[in-house]
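Visitor: Numbering-wise, the sequence shown is residues 272 to 398 according to the numbering used here. Every residue, glycine too, gets a C-beta built ideally from N, C-alpha and C.
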Amino acid sequence: MSVYESAANAQSESGSRDEEYLLTEGEAQLATVLALMTGFSQGCCAAHRAPMAQRVSDQLARMADGLDGHARSDDMRHFLQKLGHRWSTVAQVLAQPEPDQQAAESGFDDEFNQPQTHWHNSPETLQ
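(1) Which of helix, strand or coil does DSSP assign to Gln367?
(2) What's the C-alpha gap between Gln325 and Leu294?
(3) Might you give, ordered along the chain, the residues of its own chain that have their beta carbon closer than 7 Å to the beta carbon of Ser328, omitting 5 neighbours on each side?
(4) Does Ala335 pass the burial test, meaning 16 or more other C-beta atoms within 10 Å, or should it be called exposed?
(5) Taking DSSP as the reference, what is the three-state secondary structure of Glu296?
(6) By the DSSP assignment, the alpha helix (DSSP H) with Ala321 in it spans what residues?
(7) To the nearest angstrom, how far is the alpha carbon of Glu298 from that of Val304?
(8) Would you tell me roughly how many angstroms separate the C-alpha atoms of Asp346 and Met308, rounded to the nearest one?
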């Protein structure tokens with residue numbers, strides 16, 4: 272049985288409330304950033320990568336500015352700002368049209384036929 276089948280079975284057996292959490296605003300914001308980063312790294316659709324990267328950048332800037340109501344140390348603020356700038360740069364680069372984009376748009380090939388490679392291979396089973 273694969274990891275995905277095991278996870279699906281576990282989720283169906285435990286009920287539909289598995290993914291419901293009571294989080295503070297700061298925790299929810301962190302969960303949002305982590306989910307967006309995961310979606311960015313594992314997403315197959317190139318059209319969504321630039322907006323996702325920009326959203327990660329925006330959320331990191333919000334966290335750095337303390338807009339979630341939590342005070343952060345100077346080092347943490349600096350870290351979040353730097354990380355946000357890096358994600359902003361990624362978003363800007365991805366938003367620029369590629370030179371051969373017009374040729375690709377005129378063809379029948381679509382971006383879902385060529386998924387992005389993942390950074391890490393998913394294990395088939397867990398021990």
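Guide: A quick look at the data gives this:
(1) coil
(2) 24 Å
(3) Gly355, Trp358, Ser359 and Ala362
(4) buried
(5) helix
(6) Ala317 to Ala335
(7) 10 Å
(8) 22 Å
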